[in-house]
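Here's the structure, in structure tokens; my notes come after.
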Amino acid sequence: MLIFVVALPAEARPIVDRFAMKQVAREGALRVYGVADGEPDISGPDPINLVVSGVGRAAAARAVDFADGYFKGSAAPAWLNVGVCGHRDREVGSAWLTSSIEDGDSGRRWYPHPIKVEGLARHELRTVDRPESDYPDGSLYDMEASGFCEAALCASSVELVQCVKIVSDNLVEPAESVNAKKVTRLIEGRIEEITAAAAQLIDMAAEAGRSRAKPELLDRILGHWHFTQTERHQVERALRRLAALGDPGPNGIGNLLDRAAKHERGSKLLADLRDHVESLALESGLGDSAPDSEFDSQSESEPDPSPQPTEINRTSP
């Protein structure tokens, strides 16, 4: 499953049209889009849904939390935040995948897993409380991404959380020039790239679902060692990421469990499991993406991007 999160109805409109979605629910300021029969679209080969959050990082985080409960039924949901942003001198209408997201208040940073989408280069982004007019550094500026990322990483794995941003204002065309019609036009102008990013995430989510750690392996671990509730979730997430990275072979997870059998405390096994996942990630060339818990790495390096996804097609109404 893929869930779009956007701040504005004007940002949602082109995406809803492209994927032939209908509004299926409303919860306060949140608008939820899915299939036309009033139920969220959680079945089929590539289900796609969308939530309109409202403006701001807190609103984006609330939207993710709500959607995570509302769209039940997917073992490995993917999340895609799409919206407009500002930049000092990037061309209005240019579109970007975020290479890093910095929260303007706390200074925390997130580094999304690199994917390759034709027409979308990568760019750092900073999330702020109000529209930026001075653009003091070379970052893109938005108002939602940090809240979206922090919440989405509690609902899914690092590989399945991405942001696509389209420049709506700069020093030549300031934020005061932005209105709903302009926002919709900008999103429409990049709908093919947005669709391609969606395809990449759908492929990754499907693969994560297919290769997810077998339930008996998870049961074996949880049944043999004691974990807190938080640690149980962390074990499941680590196994999910391990599966997404591929079969580690006979010297991998089986040997790790055998070595850990002497430990009475599950926390030691969890630490070993995380070390094993990160070691495999480094071998796979993905070790510079973030740690499993919150992709909050301080590394600025970027691994080689993933292969192009298979193409998906949607018919606009």
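Residue numbers for the sequence shown follow my numbering, beginning at -17 and rising by one.
Positions of the beta carbon are idealized from the N, C-alpha and C atoms, including for glycine.
Could you tell me whether the Cβ atoms of leucine 142 and alanine 190 are closer together than 8 Å?
Leucine 142 places its beta carbon less than 8 Å from that of alanine 190.
Kindly identify the DSSP beta-bridge partner or partners of glycine 65.
Lys147
Alanine 7 versus tyrosine 15: straight-line alpha-carbon distance, rounded
7 Å
Note the first and the last residue of the continuous beta strand (DSSP E) segment covering lysine 163.
No beta strand (DSSP E) holds lysine 163; the alpha helix (DSSP H) holding it covers 162 to 171.
Classification of serine 261 by the beta-carbon crowding that lies within 10 angstroms, buried from 16 upward:
exposed
Please classify histidine 95 as buried or exposed, where buried requires at least 16 neighbouring CB atoms within 10 angstroms.
buried
Any idea what DSSP makes of serine 271, helix, strand or coil?
Note on serine 271: pLDDT 41, under 50, position unreliable in the model; the coordinate value appears next. Of the three classes helix, strand and coil, the one that applies to serine 271 here is coil, per DSSP.
For arginine 223 and valine 217, I'd like the C-alpha separation in whole angstroms.
10 Å
Local Cβ density within 10 Å of alanine 162, reported as buried at 16 or more and exposed below that:
exposed
Residue of Tyr52, Val33, Pro59, Met3 minimising C-alpha distance to alanine 187:
Pro59
Three-way DSSP call (helix, strand, coil) for histidine 206 in this model:
helix
For glycine 16, does the three-state DSSP call read helix, strand or coil?
strand
Between Lys250, Ala11, Ala220, Arg219, which has its C-alpha nearest histidine 206's C-alpha?
Lys250
Identify, in the order they occur along the chain, each residue of the same chain with its Cβ nearer than 6 Å to the Cβ of serine 128, setting aside the five sequence neighbours on each side.
Counting only Cβ-Cβ distances below 6 Å, and skipping sequence neighbours, we find Arg39, Ile83, Asp85, Thr109.
Cα separation between glutamate 174 and arginine 202?
44 Å
Assuming phenylalanine -14 is part of the beta strand (DSSP E), what are its boundary residues?
Looking at the DSSP string, the run of the beta strand (DSSP E) that includes phenylalanine -14 is -16 to -12.
Straight-line gap, proline 273 to valine 140 (C-alpha atoms, nearest Å)
Low per-residue confidence applies at proline 273: pLDDT is 40, beneath 50, and the placement is therefore not dependable, though the value from the model is reported in the following sentence. Their backbone Cα atoms lie some 8 Å apart in a straight line.
Cβ-based neighbour list, leucine 252, same chain, cut-off 8 Å, excluding 5 preceding and 5 following
Closer than 8 Å at the Cβ level, and outside the excluded window around leucine 252, lie Phe209, Glu213, Gln216, Val217, Ala220.
DSSP on alanine 60, reduced to helix/strand/coil?
strand
Work out the CA separation of alanine 11 and leucine -10 for me, nearest whole Å.
10 Å
Spatially closest choice to cysteine 136 from Ile(-3), Gly248, Ala49, by CA coordinates
Ala49
Neighbour-count burial assignment, alanine 147, 16 or more Cβ in a 10 Å radius:
Per the sequence presented here, residue 147 reads as lysine, with alanine not at that position. Buried, because 16 or more other Cβ atoms sit within 10 Å of the Cβ of lysine 147.
Looking at serine 35 and glutamate 132, is the spacing between their C-beta atoms short of 8 Å?
no
Quick check: the Cα distance between proline 29 and tyrosine 52, rounded to an integer number of angstroms?
14 Å
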